[in-house]
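Colleague: Line by line, the protein sequences give chains A and B.
Throughout the first sequence, residue numbering follows this note's numbering, covering 187 to 251 in sequence.
Throughout the second sequence, residue numbering follows this note's numbering, covering 63 to 313 in sequence.
Quick reminder that beta carbons are idealized off the backbone N, C-alpha and C, glycines included.
The model shown is predicted, which means the values in this text are computed figures rather than measured ones.
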Amino acid sequence: MQIFINDSAFEVPEKASAEQALVTFGAKPPFALAVNGQFVAQGQYQHLALQDGDRLDILSPIQGG
Amino acid sequence: MSVEELSAKEQIRYSRQLMLDGFGMDAQLRLKNATLLVVGCGGLGSPALMYLASSGIGRLRLMDDDLVELSNLQRQVLFKVNHLGQPKAKAAAKVLASLNNEIAVEAIVTRADANNLDELVNDSDLVLDCSDNFATRYAVNRSCYAQKKPLVSAAASGFNAHLAYFDFRRAASPCYECVFPEREDNPSDNCATQGVIAPLLGIIGAQQALLAIQCILGTGETGVVHSYNAHTLGQKQFKLPKDPDCDCCGK
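1) Could you give the distance in angstroms between the alpha-carbon of B:His-293 and the alpha-carbon of B:Lys-71?
2) Give me the Cα-Cα distance between B:Asp-251 and B:Ser-219, rounded to the nearest whole angstrom.
3) Would you mind stating whether B:Leu-272 and B:Ala-89 have Cβ atoms separated by less than 8 Å?
4) Give me the Cα-Cα distance between B:Asp-254 and B:Val-65, rounded to the nearest whole angstrom.
5) Short of 8 Å in beta carbon distance, which residues of its chain neighbour A:Asp-240, apart from the five on each side in sequence? Order them along the chain.
6) What does the alpha-carbon distance come out to for the pair B:Cys-237 and B:Asn-203?
7) Please go through the segment 168 to 222 of chain B and give each complete beta strand (DSSP E) segment of 3 or more residues, from N-terminal end onward.
8) Go ahead and pull the three-state DSSP assignment for B:Arg-92.
9) Considering only the alpha carbon of each residue, which of A:Gln-224, A:Gln-228, A:Ser-203 lies closest to A:Pro-215?
10) In whole angstroms, what separates the C-alpha of B:Phe-196 from that of B:Cys-310?
11) State yes or no: is the C-beta of B:Thr-284 within less than 8 Å of the C-beta of B:Phe-242?
12) When you compare only the Cα positions, how much space is there between B:Asn-134 and B:Asp-83?
13) Which whole-angstrom value is the C-beta distance of B:Ala-151 and B:Met-125, which I expect to be below 8 Å?
14) Under 8 Å Cβ to Cβ from B:Leu-132, same chain only, skipping five residues before and after it: list those, please.
15) The alpha helix (DSSP H) that contains A:Ile-189, what's its start and end?
16) With distance defined between alpha-carbon atoms, name the residue in B:Ala-268, B:Arg-137, B:Gln-148 nearest to B:Asp-55.
17) Apply the 10 Å Cβ neighbour rule to B:Thr-281 and answer buried if 16 or more other Cβ atoms are within range, or exposed otherwise.
18) Who are the near neighbours of B:Asn-95 in its chain, counting only those whose CB is closer than 8 Å to its CB and skipping five residues on each side?
19) To the nearest whole angstrom, what separates the beta carbons of B:Asn-164 and B:Arg-75, a pair I think is in contact under 8 Å?
20) Between A:Val-226, A:Gln-230, A:Ile-244, A:Gln-224, which has its C-alpha nearest A:Thr-210's C-alpha?
21) Please classify B:Pro-109 as buried or exposed, where buried requires at least 16 other C-beta atoms within 10 Å of its C-beta.
22) Only counting the same chain, and skipping five residues up and downstream in sequence, which positions put a Cβ closer than 8 Å to that of B:Asn-178?
23) Mind checking if B:Phe-228 is an interface residue toward chain A, Cβ cutoff 8 Å exclusive?
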């Protein structure tokens with residue numbers, strides 16, 4: 187199935203978890219993950235089964251200002 | 063003691079706000095009676111403070127211990143060449159006082175930390191985090207949470223920025239640490255190492271001012287995080303549930 191991570195399309199297996207998607211993307215901690223516009227707590231990454239068309243956003247903390 | 067009317071001059075100065083639908087005299091008096099603490103008078107603080115001062119926030123307290131440097135002038139639009147070497151908070155206070163002589167502006171030339179924030183935060187209606195380092199961000203978040211004061215937090219580096227509003231008067235509000243828990247491996251990149259595109263600070267600092275005004279008027283939505291991309295000009299928003307395991311606001 188196809189999902190989107192930071193607006194780019196990725197192929198992942200059916201019912202892949204958020205954690206699998208993060209590995210596919212190569213996300214480097216620390217980051218926050220939002221799925222379809224809502225942040226997901228880190229403890230949920232391995233339990234959250236993704237669905238076709240899900241939109242994931244990976245945000246790295248920024249300190250500048 | 064709250065002020066309950068505007069002078070004739072103030073009515074002219076703020077006329078373009080007073081005529082707004084859903085704004086009016088009550089809203090302007092709320093701004094006038096508000097005290098804001100702004101932590102950091104740099105790239106984000108500059109535009110945020112200019113709009114907060116010109117809009118008529120009655121009392122602005124600026125906290126920064128840095129001095130104005132030549133490399134700041136690319137984006138910290140409060141400062142001019144004649145401010146080089148001066149404490150940012152004092153230079154900013156002078157500029158803001160000349161921008162609006164109807165408001166009170168106070169410079170606090172001190173680095174914000176866990177020891178000095180609580181009293182200042184408690185004496186404010188709202189806090190803006192315009193700082194440039196994680197240590198200050200976590201200290202400001204914790205103090206605002208402890209004192210139950212709303213926080214408008216923003217950060218920018220390179221071509222990316224984040225912006226968020228946390229209303230700690232509401233028990234269900236998440237906090238900054240719910241999004242980005244404190245970690246030893248937080249990135250060390252900042253504007254000095256990574257650079258930052260100047261107008262990004264204007265875009266995000268102005269939105270901090272807007273969120274601050276919304277907060278004072280009681281219309282802000284807590285727990286929404288915005289992410290801005292200066293390459294695409296795209297802005298996304300994300301809902302943030304409170305993390306029950308958060309080190310700051312969790313159980």
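Modeller: If we stick to the structure as given:
1) When rounded, the distance between both Cα atoms is 42 Å.
2) Separation of B:Asp-251 and B:Ser-219 (C-alpha to C-alpha, rounded to the nearest whole angstrom) is 8 Å.
3) B:Ala-89 is positioned such that its CB atom lies no closer than 8 Å to that of B:Leu-272.
4) The amino acid occupying residue 254 of chain B in the given sequence is Ala; Asp does not appear at that position. Spanning the two alpha carbons is a distance of roughly 43 Å.
5) So the qualifying residues of the chain are Ile-189, Phe-190, Val-221, Asn-222.
6) Taking the straight line from one Cα to the other gives about 7 Å.
7) Runs of the beta strand (DSSP E) inside the segment 168 to 222 of chain B: 188 to 191, 213 to 219.
8) In the structure shown, B:Arg-92 adopts helical secondary structure according to DSSP, grouped into three states.
9) Looking at the Cα atoms, A:Gln-228 is the closest of the given residues.
10) One C-alpha to the other measures close to 15 Å.
11) Not in contact: B:Thr-284 and B:Phe-242 (Cβ atoms no closer than 8 Å).
12) Straight-line Cα distance between these residues: approximately 38 Å.
13) Confirmed, about 6 Å.
14) Non-local beta-carbon contacts of B:Leu-132 in its own chain, meaning distances under 8 Å to residues more than five positions away in sequence, involve Leu-146 in chain order.
15) Annotation for A:Ile-189: no alpha helix (DSSP H) segment contains it, though the beta strand (DSSP E) segment containing it runs 188 to 191.
16) Outside the displayed range of chain B (63 to 313) lies residue 55 of chain B, so it cannot be described from this structure.
17) Taking every protein chain shown into account, the CB of B:Thr-281 has fewer than 16 other CB atoms within 10 angstroms, so this residue is exposed.
18) Same-chain partners within the cutoff: Ser-64, Val-65, Gly-120.
19) One detail in the question is off: residue 164 of chain B reads as Glu in this sequence, not Asn. Taking 8 Å as the upper bound for CB-CB distance, B:Glu-164 and B:Arg-75 are in contact here, some 7 Å apart.
20) It is A:Ile-244 whose Cα lies nearest to the Cα of A:Thr-210.
21) Label assigned to B:Pro-109: buried.
22) In its chain, beyond the 5 residues on either side, Thr-172 have a beta carbon closer than 8 Å to the beta carbon of B:Asn-178.
23) Chain A contact via Cβ: absent.
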